[in-house]
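Visitor:
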């Protein structure tokens, strides 16, 4: 009878544990949880400090090419990324009058899950050491996004991991340029990628070790 | 000499080993064999006629973990006996399982198999509970089964019992599509038996196979003990790819001790240890490199019967199992299971009541502790202990002699998930003298693995996360309704057809499509499966038996929701069938068997591996054929000689994984010594 009592006791004990829910669910927070949204107002101080440090590093040995941060949702997954920028590429055009206009920038960064490149084409606007507040729209449809004279910009985000790559194009939203100098560009962006829920807001401040410059000829200018 | 009791079958069987066709050509003198040198017992066909179907089919403990007649068991099941195993030609347990309807097997390389039941399993093979003498050996990490770690030679298996369909009410998590119970050989009656066996073989490319095994078993007045050891090297079937596919090397021992502690109570202790090295290839590890795995298992149970008029049985059990996987990470480009350690420790109690002559109640509970330590699990989840609990009850009622009703339910809080899982089983079985009809409905669930829940594989080259689990995954569930018939139109023929419909919900898909990760997701669409199984066994004459097995799958709606990821239904063959002939000749001095099984084409167009690769290689229909013969040399020196020839046709890999190797053709010569 002792065995029966033990068995019954075990059953009762285990049943009670079951009813009490004494188990531990596994934790596996996404690595995005450790990333920071440095573009939000509460991240401003940290952004400024990191940017200053990055600038010093860039000026010393070109080691940090800027900062980028964004948050939102892609592929039904909430994500937040803060990253130093790697080698950036600035594409500028110099008119026959000697005016420098920004055509395009390419920014390279990494998240815990993928490396990425942001590309903005048809930026337009002269280069200046002064801050500005110029807003461009991510358009869709038939707009001439290569034009440097309008308020449209074409954006693209390409993610790469493990030999696989995927591109996303903003369908709506805007890019607001805050600073556009010869070797420096900063902006905030808000992009809707067209797929339900896929949306990113973010900001970047990029330094360019070198620019790719195209010079207009008189023929280009129609002279 | 009694005519053909089960015991006489068993006692005669070990003496029946082996002669090959070659041996027949060399030394066999049938006349000498007929001169009555042996004291083995005759098997008379008319004796079979005297036994009713119930007795012929025997009993099983696999369905309910208590002894019950196969004919009235509340689930579809198949049994391969030792004689059938011996004459099946199989060299491995997975190859044996090819003869069971509803089972699908494919081989990645030597010692590396994936076994699934009733169309689920695909590239994973973690939807079925596998037990050795009733003790589960599934990996705590992901519920997969390392068939190379089964620590017994296939000819030291007394029988294999396969329960098809959901059985979570008894076995808890992961008895999603069934249970496979491997029963090792023991001594019969009050006796001592010893056996030793050696095998040597080769494939056409001169890949070598060798095996040594031994068994000691003794039944005393108040104790039973058995110790089985085996070692094996398998370098056959490594063709098909331009890679150096590792051979399989393994060694294992399993022991069982049972001591009577009273007139109707006993204490049992089981120990098991196994180590193996074989190809690492699986659906996440797309590389074929040497991988070492080990299994350590210890279990103790105390059981008492007939305690009082009401209290029929009581059992307390405890078991602990450790799995280890080691690889050399420097060999791998992608993912490897390096430095994986896991443990599952469980205690349980089970009490059976006889509430009335026709009414029985079994209640039980089990608590489990899981521990997993692996570098590809998120550090926040790794190296922690996860408790789980389950409680169950089963009511059996026989309102009259021929009708048996079973109703069972179980609630679980599985380790590592926050969800409560409920499973059920209900059945009605009607039996007559020569047939029984079973209608059953049941559900089961599979706990998401620690990789699916907590996985985080960081690519050492780039530092990027290539695979990530999702702790919010639901447990996949399987709800099945089945109708089964066991019928003996003549006394020597058993036919067992089963038809079933299953609804699979929350199937876990490995979805490598999103680059932002969360690699695993529940399929939001239920999948409905209509399946049929047929098993037939005809002992046509004393020296001639025929067996058929057939399993068919038809997905009712899954095509509508296919995704290019691991988990699509077409990874299973729609038809798996087998036929074999076996028997004994010359007063059981010669045993023979030949036959073939067939699996229809399977379709793979999936992303798999870490980093993910596209696997787009349909696996053609494949046939496995065998022929075997055995010859008993003499009772003074009880030696058996055997030859087994196996061939996979076509000689192509039956796995879609890029580094999988073809099975090829193998011949194995065996010499065995055995004394009862």
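Protein chains in written order, with this note's numbering: chain A, 6 to 228; chain B, 1262 to 1937. All C-beta atoms, glycine included, are put in the ideal place defined by N, C-alpha and C.
(1) Name the one or two DSSP bridge partners that residue 2016 of chain B has.
(2) Between B:1779, B:1720, B:1355 and B:1753, which lies nearest to residue 1801 of chain B when the distance is taken from Cα to Cα?
(3) If you draw a straight line from the alpha carbon of residue 1857 of chain B to that of residue 1806 of chain B, how long is it in whole angstroms?
(4) With DSSP collapsed to three states, give me the class of residue 1700 of chain B.
(5) Using a cut-off of 8 Å between C-beta atoms, extract the partners of residue 1714 of chain B located in chain A.
(6) Going by beta-carbon coordinates alone, are residue 1428 of chain B and residue 1440 of chain B separated by less than 8 Å?
(7) So, is residue 1925 of chain B buried or exposed, given that buried needs 16 or more other C-beta atoms within 10 angstroms?
(8) Does DSSP classify residue 1316 of chain B as helix, strand or coil?
(9) Should residue 1679 of chain B be flagged as near chain A, meaning a C-beta pair shorter than 8 Å?
(10) Since residue 1641 of chain B meets chain A, which of its residues come closer than 8 Å, beta carbon to beta carbon?
(11) At a Cβ threshold of 8 Å, is residue 171 of chain A touching chain B?
(12) Please list the residues of the region 1571-1593 of chain B that have a C-beta atom closer than 8 Å to any C-beta atom in chain A, keeping them in chain order.
(13) Do residue 1323 of chain B and residue 1399 of chain B count as a contact pair if the criterion is CB distance below 8 Å?
(14) For residue 209 of chain A, which three-state DSSP category applies?
(15) Is the distance from the Cβ of residue 1380 of chain B to the Cβ of residue 1833 of chain B below 8 Å?
(16) Please list the terminal residues of the continuous beta strand (DSSP E) segment that includes residue 44 of chain A.
(17) What runs of the alpha helix (DSSP H), each 4 residues or longer, lie entirely inside the region 1421-1459 of chain B?
(18) Please tell me whether, using a cut-off of 7 Å, the distance from the CB of residue 1527 of chain B to the nearest non-hydrogen atom of the ligand SAM is below it.
(19) Could you check the C-alpha separation between residue 144 of chain A and residue 174 of chain A for me, to the nearest Å?
(20) Tell me the rounded alpha-carbon separation between residue 1562 of chain B and residue 1719 of chain B.
(21) When the Cα atoms are used, what is the spatial distance from residue 133 of chain A to residue 60 of chain A?
(22) Exposed or buried, which one is residue 1850 of chain B when buried takes at least 16 other CB atoms within 10 Å?
(23) Flag residue 1873 of chain B as yes if its beta-carbon sits less than 8 Å from any beta-carbon of chain A, otherwise no.
(24) In whole angstroms, give me the CA-to-CA distance for residue 39 of chain A and residue 1776 of chain B.
(25) State buried or exposed for residue 1386 of chain B, treating a residue as buried only when at least 16 other CB atoms are found within 10 Å of its CB.
(26) Out of B:1887, B:1535, B:1836 and B:1748, state which residue places its alpha-carbon closest to the alpha-carbon of residue 1797 of chain B.
(27) What residues of chain A sit near residue 1778 of chain B, judged by a beta carbon separation below 8 Å?
(28) Closest by CA to residue 1862 of chain B, which one among B:1564, B:1870, B:1868 and B:1880?
(29) Which two residues bound the contiguous beta strand (DSSP E) that contains residue 1762 of chain B?
(30) Report yes if the C-beta distance between residue 1461 of chain B and residue 1497 of chain B is below 8 Å; otherwise report no.
(31) Let me check one thing: in DSSP terms, what residues is residue 1789 of chain B bridge-paired to?
(32) Do residue 1612 of chain B and residue 1625 of chain B count as a contact pair if the criterion is CB distance below 8 Å?
(33) With DSSP run on the structure shown, which of helix, strand or coil describes residue 1711 of chain B?
(34) If you follow the alpha helix (DSSP H) that residue 1355 of chain B is in, where does it begin and where does it stop?
(35) Please go through the same chain and pick out, in chain order, the residues whose beta-carbon is closer than 6 Å to the beta-carbon of residue 1745 of chain B, but skip the five residues on each side of it.
(36) Residue 1637 of chain B CB to nearest chain A CB: under 8 Å?
Guide: Taking the structure as given:
(1) Residue 2016 of chain B lies beyond the stretch modelled for chain B, which goes from 1262 to 1937, so this question has no answer here.
(2) B:1753
(3) 15 Å
(4) strand
(5) 31 and 33
(6) yes
(7) buried
(8) helix
(9) yes
(10) 32, 33 and 34
(11) yes
(12) 1572, 1575, 1576 and 1577
(13) no
(14) strand
(15) yes
(16) Looking at the DSSP string, residue 44 of chain A is not in any beta strand (DSSP E), and its letter there is neither H nor E.
(17) 1429-1432
(18) Among the ligands in the structure shown, none appear at all, so the ligand SAM cannot be discussed.
(19) 10 Å
(20) 42 Å
(21) 18 Å
(22) buried
(23) yes
(24) 18 Å
(25) buried
(26) B:1748
(27) 35, 82 and 118
(28) B:1880
(29) 1754-1766
(30) no
(31) B:1764
(32) yes
(33) helix
(34) 1354-1358
(35) 1337, 1699 and 1759
(36) no
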